[in-house]
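Participant:
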Amino acid sequence: MSYETTISHFKERLNAQSSDVLFEEIIAIVDEHFDFTPTAFQNGELHNDVGQNSGSCKVFSVAQIIGLDEQQTLVSFGQYYRDDVLSNPEGEDHQNIRNFMKTGWAGIDFEQSPLQMKEH
0 MSYETTISHF KERLNAQSSD VLFEEIIAIV DEHFDFTPTA FQNGELHNDV
50 GQNSGSCKVF SVAQIIGLDE QQTLVSFGQY YRDDVLSNPE GEDHQNIRNF
100 MKTGWAGIDF EQSPLQMKEH
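Using numbering that gives the first Met the number 0, the first residue of the sequence shown is number 0, and each one after it goes up by one.
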C-alpha cells in the first residue's frame, strides 16, 4: 500500500473507528515508511532522554508530519490511551500521554527530527 493510501486509511480509522485503533498500527506506519533516529524530546514538563520512550517519540513525530490534531494523536496511542489513561485518570503510568493531554502540541519539542521518510 502506498504511503498516501496508508495515511488516508489510518486517518479514516482514527475518525470513524477510534475505539478499535491500536498503538501498534501507528508504529507499523512509522516502521514501514520512515527511518527513526532516537531523539530527546520535551513533552510539557516531562523530559525524555535519547532512546527513552521511543514509541511516544515515534507517535508524536509522525502525528506532526501527517497533520493529526491533538485528539487524533491521543487516539493513535490506542489501547494505552483508552484502557490505561482514560479508565484511570489519576494514574501515574503513561506520562507522555498524560502530559500531552495537558499541554498538547505546544508542549512537544524535539531536539532533532526523529523521522526521515524512507526512499522506496
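For each residue, glycine too, the CB sits at the ideal point set by N, CA and C.
1. Kindly indicate which three-state DSSP category Gln78 falls into: helix, strand or coil?
2. In chain order, what residues of the same chain have a beta carbon less than 8 Å from the beta carbon of Gln111, not counting five sequence neighbours either side?
3. Measure the C-alpha to C-alpha separation of Phe109 and Ile26 and round it to an integer number of angstroms.
4. So, under 8 Å CB-CB, Leu114 and Phe33 are touching, yes? Tell me the CB distance rounded to an integer number of Å.
5. Suppose only complete runs of 4+ residues qualify. What are the alpha helix (DSSP H) ranges in the segment 15-72, listed by chain order?
6. Would you call Asn42 buried or exposed, if buried means 16 or more other Cβ atoms sit within 10 Å of its Cβ?
7. Mapping DSSP to helix, strand and coil, what is Asp108?
8. Would you identify the three-state DSSP class for Met116, choosing helix, strand or coil?
Facilitator: Here's the rundown:
1. Here residue 78 corresponds to residue number 79 of the sequence shown, with the count starting at 1. It is helical.
2. By one-based count along the sequence shown, residue 111 stands at place 112. Contacts found: Thr36, Thr38.
3. Your numbering for residue 109 matches position 110 in the sequence shown. Your numbering for residue 26 matches position 27 in the sequence shown. One C-alpha to the other measures close to 18 Å.
4. By 1-based counting over the sequence shown, the position of residue 114 is 115. By 1-based counting over the sequence shown, the position of residue 33 is 34. Contact holds; Cβ gap of about 4 Å.
5. 22-32, 53-65
6. In the sequence shown, counting from the first residue as 1, residue 42 sits at position 43. Buried, by the Cβ-count rule.
7. Along the sequence shown, read from residue 1 onward, the residue named residue 108 stands at position 109. Asp108: strand per DSSP, three-state reduction.
8. As a working mapping, residue 116 is identified with position 117 in the sequence shown. Correct three-state label for Met116: strand.
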